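>
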Amino acid sequence: MGHRRMTFRRAGRAIDWLKVVVFCLAVIAASSCTHGRMISRGDQHFEKGQYEEALVAYEDAHRARPDSLEATQRVETTRVRLVEVWAERSRASIRLENYLEAIDNAARALSFSPNNPQARAIEREVVVRIEERAGKVLESADFAQALRLYDAVFERLGNQGQEAQERRAEIRIRWSKDLVKRADVAEQDSQPARGVLLLSKAFALTADPELASRRDAYLDRVRAERRYKVLAVGNSAEAGFAYVSERLMREMMGPFFEVYSPTVDKPQASLRLAVGKPRFDTDRRTRTERVNYQSGTRQAPNPHYKSRQDRVHDEERRVLEVEQEITRQQQYVSKYQSDVEREGPSPNVSTGAEQNLSNARSRLESAQRRVIDQRQQLQRARDDLNNSPQFVEEAVYSDHTYTVTTHTLRAAASLHGELTHRDGRAAIPLDAQLQVEASDDEYAAQPVINLAERRLELPSAQALTPRLYEQAYRRSYDALAHSFEQHRLELFDRAKNTTASDQRSELYVIYMLMDLGSIEPSASIALAALEGIPDSVAVLTQLAR
8 MGHRRMTFRR AGRAIDWLKV VVFCLAVIAA SSCTHGRMIS RGDQHFEKGQ YEEALVAYED
68 AHRARPDSLE ATQRVETTRV RLVEVWAERS RASIRLENYL EAIDNAARAL SFSPNNPQAR
128 AIEREVVVRI EERAGKVLES ADFAQALRLY DAVFERLGNQ GQEAQERRAE IRIRWSKDLV
188 KRADVAEQDS QPARGVLLLS KAFALTADPE LASRRDAYLD RVRAERRYKV LAVGNSAEAG
248 FAYVSERLMR EMMGPFFEVY SPTVDKPQAS LRLAVGKPRF DTDRRTRTER VNYQSGTRQA
308 PNPHYKSRQD RVHDEERRVL EVEQEITRQQ QYVSKYQSDV EREGPSPNVS TGAEQNLSNA
368 RSRLESAQRR VIDQRQQLQR ARDDLNNSPQ FVEEAVYSDH TYTVTTHTLR AAASLHGELT
428 HRDGRAAIPL DAQLQVEASD DEYAAQPVIN LAERRLELPS AQALTPRLYE QAYRRSYDAL
488 AHSFEQHRLE LFDRAKNTTA SDQRSELYVI YMLMDLGSIE PSASIALAAL EGIPDSVAVL
548 TQLAR
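Take 8 as the starting number for the sequence shown in the working numbering and just add one per residue.
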């Protein structure tokens with residue numbers, strides 16, 4: 008017995024090993040299939056000159072079978088070919104003097120084979136040409152382009168990173184010094200806005216706190232000299248004028264805009280304003296509200312009772328049918344019993360009469376069992392019927408109406424005024440009828456629908472008055488904002504039409520500083536050409552942080 012168990016265990020282990028072998032063979036077969044398919048696909052791409060697609064296919068084949076010398080060779084051959092392709096593209100970009108594209112193409116060549124001699128050669132060739140180009144642009148003080156070239160070398164050509172980083176630092180220092188010298192000249196020429204831009208860029212390059220201090224001093228001077236001054240004129244004893252003028256003085260639209268009252272030297276605009284005394288009136292309107300509510304209940308026939316009653320009738324019918332079946336089978340049993348007795352005894356032989364008798368008795372027993380089950384179901388149906396009420400409570404709904412009174416308090420006032428400009432621009436009228444209102448409902452308690460009384464809660468006339476004045480303030484603010492934007496756009500137009508380059512820069516920078524959130528793209532393009540600062544918007548935006 009022990010020998011037999013040992014034999015069975017050995018046989019089981021043999022079967023397990025066989026399964027492992029079969030699985031491994033299946034995996035190898037699948038890998039070989041994938042390997043061959045990927046090699047074929049890579050060859051097709053390679054023949055069409057689609058080298059990057061071919062490389063993907065060959066690498067998939069190598070992953071399927073890492074020991075495949077065929078896949079390994081094809082991967083290396085394709086990588087070498089890609090290096091050649093991207094190196095030639097890089098040289099073509101150099102010939103077209105598209106140096107940033109040349110850097111990108113050289114970086115692509117390196118990405119396929121970093122240690123490939125051709126890849127390293129094109130990298131060195133590109134860097135040499137970048138050095139030559141940077142030297143030329145630096146002679147013309149185009150620091151931005153030189154820095155952009157070395158930034159690209161530092162970011163894309165990692166082998167040249169340290170040297171490129173040093174060259175970037177040198178250019179930053181040289182550019183910053185050049186900007187500071189130009190800022191000194193701008194100060195001598197009474198062009199503080201140019202000084203703000205030049206020193207802002209210098210600070211962005213070197214983070215020298217002394218430059219930030221000088222820049223801020225220039226900025227304060229520009230704001231003081233270019234502040235858009237508005238004189239608010241009106242009756243200071245008038246509550247509406249006092250409210251509007253105080254809000255305007257307190258909530259300036261920016262550091263280049265300010266409202267004064269009662270006086271200011273040489274304002275750019277004058278706001279004459281009068282807000283009339285508020286007038287109040289009230290009215291009331293009534294309406295009828297209708298609510299559908301549950302007013303009571305009533306007795307209604309229970310739909311479940313009728314369905315359970317019908318079930319009882321169905322079960323009684325089934326019991327009667329089974330009892331009738333028992334009676335029929337009993338008759339058959341009596342008939343076949345008589346036939347057996349008439350035929351007499353027949354030892355060891357089953358006659359037709361005896362067989363019929365046996366079948367009849369079986370059917371009788373089955374019918375007797377069914378009638379017991381059916382009577383039990385009938386009893387359950389009767390119990391369900393007895394437990395179901397014949398009638399149920401049903402909700403009764405009615406409509407209830409009640410009267411609601413709406414009270415409305417209205418306040419109105421007249422606004423008269425205009426915004427005039429010292430430079431001759433058309434005046435902006437401010438005449439308007441101001442109006443606000445408040446409404447509330449009241450109604451008596453409605454116990455029938457469980458609704459509590461609502462009492463009137465209207466604001467006072469005095470509470471509505473500030474809302475009128477707020478409307479006057481908003482209209483005045485919008486007029487001033489429009490006037491200021493017109494003034495700012497005039498500066499922009501003057502800048503476009505000015506022939507002196509330094510003065511053009513001055514006006515463009517003032518225009519931008521007045522609202523850094525809304526700048527015409529052509530302004531930054533012009534400053535890039537005039538001052539060699541392509542990111543003037545970003546540089547000036549740092550001032551607002």
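Quick reminder that beta carbons are idealized off the backbone N, C-alpha and C, glycines included.
Please read these numbers as outputs of a predicted model, since none were measured by experiment.
Check the C-beta distance from Glu348 over to Ala374 and give it rounded, since I have them as a contact under 8 Å.
Actually they are not in contact, since the Cβ atoms of Glu348 and Ala374 sit about 24 Å apart, beyond 8 Å.
> Among Gln198, Arg221 and Tyr312, which has the Cα closest to the Cα of Leu206?
For the residues Gln198, Arg221 and Tyr312, the minimum Cα distance to Leu206 belongs to Arg221.
> For Lys284, count the other beta carbons within 10 Å of its own beta carbon; 16 or more makes it buried, fewer makes it exposed. Which is it?
Lys284 is exposed by the Cβ-count criterion.
> Inspect the beta-carbon positions of Trp182 and Phe150 and report whether they are closer than 9 Å.
A contact, by the Cβ cut-off of 9 Å.
> My guess is that Leu534 and Ser512 are in contact by the Cβ rule of under 8 Å, so how many angstroms apart are they, rounded?
With 8 Å as the limit, Leu534 and Ser512 qualify as a contact, their Cβ atoms being about 6 Å apart.
> So for Asn393, helix, strand or coil by DSSP?
Asn393: helix per DSSP, three-state reduction.
> Residues in its own chain within less than 7 Å of Leu422 by CB, not counting five upstream and five downstream?
Within the same chain, Leu422 has close Cβ partners Val282, Leu437, Asp438, Ala439, Leu441, Ala479 and Arg482.
> Taking the straight line between their C-alpha atoms, what separation do you get for Pro262 and His494?
Going by the C-alpha atoms only, they are around 15 Å apart.
> Rank Asp542, Glu527 and Thr472 by C-alpha distance to the C-alpha of Gly247 and give the top, closest one.
Looking at the Cα atoms, Thr472 is the closest of the given residues.
> First and last residue of the alpha helix (DSSP H) that includes Glu556?
Any answer about residue 556 is impossible in this case: the structure gives the chain only from 8 up to 552.
> Going by DSSP, what residue range makes up the alpha helix (DSSP H) through Thr548?
Ser543 to Thr548 is the extent of the alpha helix (DSSP H) around Thr548.
> Would you call the region 321-330 in contact with the region 375-384, where contact means no fewer than 3 C-beta pairs closer than 8 Å?
Touching, yes.
> Kindly indicate which three-state DSSP category Val90 falls into: helix, strand or coil?
Helix.
> Rounded to whole angstroms, how far is the Cβ of Leu164 from the Cβ of Ala153, which I believe are closer than 8 Å?
About 16 Å separates the two Cβ atoms, so there is no contact after all.
> Round the Cβ separation of Arg417 and Asp288 to the nearest angstrom and send it over; I've been treating them as touching at under 8 Å.
Contact holds; Cβ gap of about 5 Å.
> Let me check you understand the geometry: is the CB of Arg81 closer than 8 Å to at least one non-hydrogen atom of the ligand NAD?
Ligands in the displayed structure: none, and consequently the ligand NAD is not present.
> Under the three-state reduction of DSSP, which class applies to Asn363: helix, strand or coil?
Here Asn363 sits in helix by DSSP.
> Start and end of the beta strand (DSSP E) containing Phe398?
Phe398 -> beta strand (DSSP E) spans Phe398 to His428.
> In terms of DSSP beta bridges, what is Lys236 paired with?
Glu265, per the DSSP bridge assignment.
> To which residues does DSSP link Asn122 through a beta bridge?
The partner list for Asn122 (beta bridge, DSSP) is empty, contrary to what the question assumes.
> Using the C-alpha atoms, what's the distance from Glu492 back to Ala276?
Rounded to whole angstroms, Ala276 to Glu492 spans 13 Å at the Cα level.
> Out of Asn393, Ile137, Gln195 and Arg115, state which residue places its alpha-carbon closest to the alpha-carbon of Glu170.
Comparing Cα-Cα distances from Glu170 to each of Asn393, Ile137, Gln195 and Arg115, the minimum goes to Ile137.
> Can you tell which of Ala367, Val544, Arg325 and Pro352 has its C-alpha closest to the C-alpha of Lys342?
Comparing Cα positions, the closest option is Ala367.
> Which value, in whole angstroms, describes the spacing of the CA atoms of Glu350 and Ser369?
If you take the alpha carbons of Glu350 and Ser369, they lie about 21 Å apart.
> Within a Cβ cutoff of 6 Å, which residues of the same chain sit near Glu120, ignoring the five residues on either side of it in sequence?
Checking the displayed sequence, the identity of residue 120 turns out to be Ser instead of Glu. Hits under 6 Å: Arg86, Val90 and Ala126.
> Classify Thr293 as helix, strand or coil using the three-state DSSP reduction.
Three-state DSSP puts Thr293 in a strand.
> Give me the Cα-Cα distance between Gln549 and Leu278, rounded to the nearest whole angstrom.
Whole-angstrom Cα-Cα distance: 33 Å.
> When you compare each of Leu496, His414 and Ala231 to Arg461 by their alpha carbons, which one comes out closest?
For the residues Leu496, His414 and Ala231, the minimum Cα distance to Arg461 belongs to His414.
> Among all the DSSP beta bridges, which residues are the ones paired with Tyr300?
DSSP, once it has assigned bridges, lists Ser405 as partnering Tyr300.
> Between Glu66 and the rest of its own chain, which residues show a CB-CB distance below 7 Å, the 5 nearest in sequence each way excluded?
Excluding sequence neighbours, Glu66 sits near Val82.
> According to DSSP, what are the bridge partners of Pro436?
The partner list for Pro436 (beta bridge, DSSP) reads Glu425.
> Could you check what DSSP says for Arg461 in three-state terms: helix, strand or coil?
Strand at Arg461.
> Using beta-carbon positions only, say whether Met256 and Ser268 come within less than 9 Å of one another.
Against a cut-off of 9 Å, the Cβ pair of Ser268 and Met256 comes out as a contact.
> Step through the CB atoms of chain D and report whether any lies within less than 9 Å of the CB of Asp522.
You won't find chain D in this structure, because it holds only one protein chain.
> Just confirm the distance between the C-beta atoms of Glu425 and Ala434, as a whole number of angstroms; I'd bet it's less than 8 Å.
That belief holds up - the Cβ atoms of Glu425 and Ala434 are roughly 5 Å apart, short of 8 Å.
> DSSP on Gln275, reduced to helix/strand/coil?
Looking at Gln275 - three-state DSSP - the assignment turns out to be coil, as it is neither helix nor strand.
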